[in-house]
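Below is one structure, written out as structure tokens, with a few remarks after it.
In the UniProt record's numbering, the protein residues as written are 1 to 152.
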């Protein structure tokens with residue numbers, strides 16, 4: 001019999017991450033521009049130890065854009081293979097965090113973010129990497145249909 005510590009040490013590692021799908025009244029999607037990457041992305045991040053993906057989503061929205069929102073239903077699970085400096089794949093959970101009312105205040109975490117904005121899916125296609133644009137379109141479709149999407 002293999003000892004549990006040996007068994008678990010041999011397992012493939014996966015990095016869990018979570019983000020909030022947040023829109024404005026015109027159905028544009030909230031995106032952020034981290035200062036440590038060349039590309040735009042979602043408000044969200046890695047799931048911390050002893051934290052659920054829903055908790056990570058809520059925490060990241062508070063930290064990154066100053067929003068305290070209810071984390072709604074799961075829209076998309078996205079398996080993102082290892083790439084470049086990231087030696088492990090990501091499993092990314094995208095949750096519906098609703099539509100902000102007109103005049104909602106966004107305050108970015110300046111240590112981590114340079115900018116934020118609301119974008120139509122067509123506008124987002126121009127600033128997101130392809131794999132994140134696929135997730136955005138899947139999120140839009142899942143919210144509209146009441147369904148769910150798995151991407152790989």
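Every residue gets a Cβ at the ideal spot worked out from N, C-alpha and C, and that includes glycine. Just so we're clear, the structure is a prediction, and the values are computed from it rather than from any experiment.
What is the DSSP secondary structure of residue i, counted as helix, strand or coil?
{"i": "residue 90", "result": "strand"}
{"i": "residue 8", "result": "helix"}
{"i": "residue 127", "result": "helix"}
{"i": "residue 30", "result": "strand"}
{"i": "residue 100", "result": "coil"}
{"i": "residue 121", "result": "helix"}
{"i": "residue 67", "result": "coil"}
{"i": "residue 140", "result": "helix"}
{"i": "residue 16", "result": "strand"}
With a 10 Å radius around its C-beta and 16 neighbouring C-beta atoms as the bar for buried, classify residue i as buried or exposed.
{"i": "residue 7", "result": "exposed"}
{"i": "residue 219", "result": "In the structure as shown, the chain starts at 1 and stops at 152, and residue 219 therefore has no counterpart that could be examined."}
{"i": "residue 45", "result": "buried"}
{"i": "residue 43", "result": "buried"}
{"i": "residue 12", "result": "exposed"}
{"i": "residue 58", "result": "buried"}
{"i": "residue 147", "result": "exposed"}
Measuring straight from C-alpha to C-alpha, what distance separates residue i and residue j?
{"i": "residue 178", "j": "residue 1", "result": "A query on residue 178 cannot be resolved here, the shown segment of the chain reaching from 1 to 152 and no further."}
{"i": "residue 111", "j": "residue 48", "result": "19 Å"}
{"i": "residue 129", "j": "residue 39", "result": "7 Å"}
{"i": "residue 127", "j": "residue 29", "result": "12 Å"}
{"i": "residue 106", "j": "residue 3", "result": "49 Å"}
{"i": "residue 103", "j": "residue 69", "result": "15 Å"}
{"i": "residue 98", "j": "residue 83", "result": "31 Å"}
{"i": "residue 24", "j": "residue 119", "result": "9 Å"}
{"i": "residue 142", "j": "residue 78", "result": "13 Å"}
{"i": "residue 96", "j": "residue 109", "result": "21 Å"}
{"i": "residue 60", "j": "residue 52", "result": "12 Å"}
Which same chain residues, not among the five before or five after residue i, have their C-beta less than 7 Å away from its C-beta?
{"i": "residue 131", "result": "80"}
{"i": "residue 140", "result": "121"}
{"i": "residue 136", "result": "29, 121, 124, 128"}
Mind reading off the beta-carbon distance from residue i to residue j? Whole number of angstroms is fine, and I expect it under 8 Å.
{"i": "residue 125", "j": "residue 133", "result": "5 Å"}
{"i": "residue 89", "j": "residue 22", "result": "Not a contact, Cβ separation roughly 25 Å."}
{"i": "residue 54", "j": "residue 65", "result": "About 17 Å; that fails the 8 Å criterion."}
{"i": "residue 56", "j": "residue 18", "result": "4 Å"}
Less than 6 Å between C-beta atoms, sequence neighbours within five positions excluded: which residues of the same chain meet that for residue i?
{"i": "residue 114", "result": "33, 35"}
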